[in-house]
Amino acid sequence: MNHSHCPAQTLSKLSTRVRNDSLFRKTYLAVAMLAGCGFSGMAWSAEAQGENAQPVTQAVTQPAVAPRIQVAILLDTSSSMDGLINQTRNQLWKMVDEFSKAKKNGVTPILEVAVYEYGNNGLSSQNGYIRQVTGLTRELDRVSEALFSLTTNGGDEFCGYVINASVKELQWSQSPNDIRAIFIAGNEPFTQGPVSFREAIALAKQKDITVNTIFAGAYNDGGESGWRQGAQLAGGNYMSIDQDQQIAQIEAPQDKEIAALNARLNETYVPYGAGGAAASKRQYEQDANSQNVSLGLLAQRAKSKASVAYDNSSWDLVDAYEAGEVALEEVDAKALPEPMVGMSQKEKEEYIETKKTERKELQDKIKALSDEREVYIAEENRKAAKSGANTVDEALISAIRKQGEQKAFEFK
């Protein structure tokens, strides 16, 4: 509450009258709270019935507002960038898992991700050969769908243009407590195009958005073609990666059991509303996309689905109900899934609670198996003496950790 909303003279007059009028006292308290007067919680003691009644100030604990981690990934989809795209789509769930470990003041942040593509001749030249594939969203299946939809084609890579578009078009948070980061990846000169990268980065800095650059090639080559300078101007990280490095998808003994649990996990989702059926279908499709790469990638995705970062409250009635975003009695019968049609209010609540309990049990089992799997994978990587070359996920994770720590985020 802010004291500045209530002039001192007004408060003085009101206080005098309060001491002489118990009915007015109650009304005043209600109005003060509604009007935002500087009383975080004013109560009156039992003795406050007499002339010398004094207000007793009680602190009201406000619910913690979840901070956000907002990440926009800008990918060069010209013909030479297949390796970059494959790395990003195959390592998405590893990145999500890392971000789900973050906390600020004990509160787990909300993760929102956006994807742009640029440098593709299949895109409109009038729009600078760029496209917003998905805006900032908590629905991580949308992000996965976006990444698996990308194809490459020769084109002109305008870094300044796509940075400028992402800064202007996306719904960026304005809270100083949140992380706002752009990651742009490619391999052509950073200076190309009709929009100056310096102007685009200056605009990003005005909104407290950090721009990080990832050059797909030799570190010094990126430095000479403007990628290092772009990051320096933006206060971000400059990194180089080997986009052609194959990500080893190690099969672990736990993978098959995790896959089976993941299939059962999907059955705990209760799609509702206009977009519910399509979103549920998307969930299954992204499982299939991951499994088509390897069982190991599906296991990594399942681990993310068992984390707090995997939020589907926009279409899943269990998530929405738990988050307090929907009242079951207010959901139109036409928006309900078939199993819930005709249920009483009590039956609806019991149905959702049952699904919630089942989900928690399955997620706990997936987490336990995933922990065992990580130990196994770490040992296999040690035996294989993994190359020191950076990949997209490592570049993103290291930069977010660094920038998060500057804003008092903690990572396990």
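Each residue of the sequence shown is one higher than the one before, starting from 910 at the first, in my numbering.
Cβ coordinates follow ideal geometry from the N, Cα and C atoms, glycine included.
Residue i - containing alpha helix (DSSP H), residue span
{"i": "Thr1043", "result": "Taken as a continuous stretch (DSSP letters only), Thr1043 belongs to no alpha helix (DSSP H), being part of the beta strand (DSSP E) at 1039–1046."}
{"i": "Phe1106", "result": "1106–1115"}
{"i": "Gln1315", "result": "Unbroken run through Gln1315: none, as it is neither H nor E."}
{"i": "Asn1175", "result": "1164–1175"}
{"i": "Ala1055", "result": "1049–1058"}
{"i": "Asp1130", "result": "1128–1133"}
{"i": "Gln1141", "result": "1136–1143"}
Residue range of the unbroken beta strand (DSSP E) whose run includes residue i
{"i": "Thr1122", "result": "1119–1125"}
{"i": "Ser1082", "result": "Where Ser1082 is concerned, there is no enclosing beta strand (DSSP E), given that its DSSP letter is neither H nor E."}
{"i": "Leu1020", "result": "1019–1027"}
{"i": "Gln1000", "result": "Segment 991–1008 is the alpha helix (DSSP H) holding Gln1000; no beta strand (DSSP E) there."}
{"i": "Ser1149", "result": "1147–1150"}
{"i": "Gly981", "result": "Reading the sequence as shown, one finds Ala at residue 981 and not Gly. It spans 977–985 - the beta strand (DSSP E) in which Ala981 sits, taken as one unbroken run."}
Inter-residue CB distance, residue i and residue j (contact presumed, cutoff 8 Å)
{"i": "Ala1172", "j": "Pro1180", "result": "That belief does not hold up - the Cβ atoms of Ala1172 and Pro1180 are roughly 16 Å apart, past 8 Å."}
{"i": "Gln1041", "j": "Glu1066", "result": "Going by Cβ atoms, the distance from Gln1041 to Glu1066 rounds to 16 Å, so no, they are not a contact pair."}
{"i": "Ser997", "j": "Leu1056", "result": "For clarity, residue 997 is Thr in the given sequence; the question names Ser instead. With a Cβ gap of about 6 Å, Thr997 and Leu1056 count as contacting."}
{"i": "Leu1170", "j": "Ile1275", "result": "5 Å"}
{"i": "Gly1064", "j": "Asn1030", "result": "4 Å"}
{"i": "Asn1221", "j": "Tyr1193", "result": "So it is not a contact: roughly 13 Å between Cβ atoms."}
{"i": "Gly1135", "j": "Phe1106", "result": "7 Å"}
{"i": "Asn1299", "j": "Asp1151", "result": "7 Å"}
{"i": "Leu1332", "j": "Val1071", "result": "Because the chain spans 910 through 1321 in this model, residue 1332 falls outside it and cannot be assessed."}
{"i": "Arg1210", "j": "Trp1002", "result": "4 Å"}
{"i": "Ala1127", "j": "Arg1282", "result": "Not quite, the Cβ-Cβ distance comes to about 34 Å (not below 8 Å), so this is no contact."}
{"i": "Leu1059", "j": "Glu1097", "result": "About 17 Å; that fails the 8 Å criterion."}
Beta carbon of residue i nearer than 8 Å to that of residue j
{"i": "Leu1020", "j": "Ala1125", "result": "no"}
{"i": "Thr1061", "j": "Ser987", "result": "yes"}
{"i": "Leu1206", "j": "Asn999", "result": "yes"}
{"i": "Thr1119", "j": "Gly1139", "result": "no"}
{"i": "Ala1094", "j": "Asp991", "result": "no"}
{"i": "Ala1146", "j": "Lys1311", "result": "Sequence inspection shows Asn at residue 1146; the Ala mentioned does not correspond to that position. Cβ distance < 8 Å, so Asn1146 and Lys1311 count as in contact."}
{"i": "Ile1039", "j": "Ala1090", "result": "no"}
{"i": "Ala1113", "j": "Val1076", "result": "yes"}
{"i": "Phe1318", "j": "Ala1011", "result": "yes"}
{"i": "Glu1258", "j": "Leu1237", "result": "yes"}
{"i": "Gln1223", "j": "Glu1054", "result": "This sequence places Ser at residue 1223; Gln is not what is there. Cβ distance not < 8 Å, so Ser1223 and Glu1054 don't count as in contact."}
{"i": "Gly1069", "j": "Gly1028", "result": "no"}
{"i": "Val1301", "j": "Thr1017", "result": "no"}
{"i": "Leu1045", "j": "Gln979", "result": "yes"}
{"i": "Asp1087", "j": "Pro976", "result": "yes"}
{"i": "Ala1215", "j": "Gln1163", "result": "no"}
{"i": "Ser1279", "j": "Lys1212", "result": "yes"}
{"i": "Gly1182", "j": "Ala1244", "result": "yes"}
{"i": "Glu1108", "j": "Thr1177", "result": "no"}
{"i": "Ile1261", "j": "Tyr1230", "result": "yes"}
{"i": "Gln1195", "j": "Asp1006", "result": "no"}
{"i": "Ala1111", "j": "Ile1167", "result": "no"}
heavy atom of the ligand HEM below 7 Å from residue i C-beta
{"i": "Ala1172", "result": "Absence of the ligand HEM is noted for the structure shown, with no ligands found whatsoever."}
*Could you pull out every unbroken alpha helix (DSSP H) segment of at least 4 residues lying fully inside the region 1195–1277, listed in chain order?*
1204–1214, 1226–1231
*Are three or more beta carbon pairs between the region 1274–1286 and the region 1128–1138 nearer than 8 Å?*
no
*Determine contact between the region 1248–1260 and the region 1199–1215, defined as no fewer than three beta-carbon pairs at a distance below 8 Å.*
no
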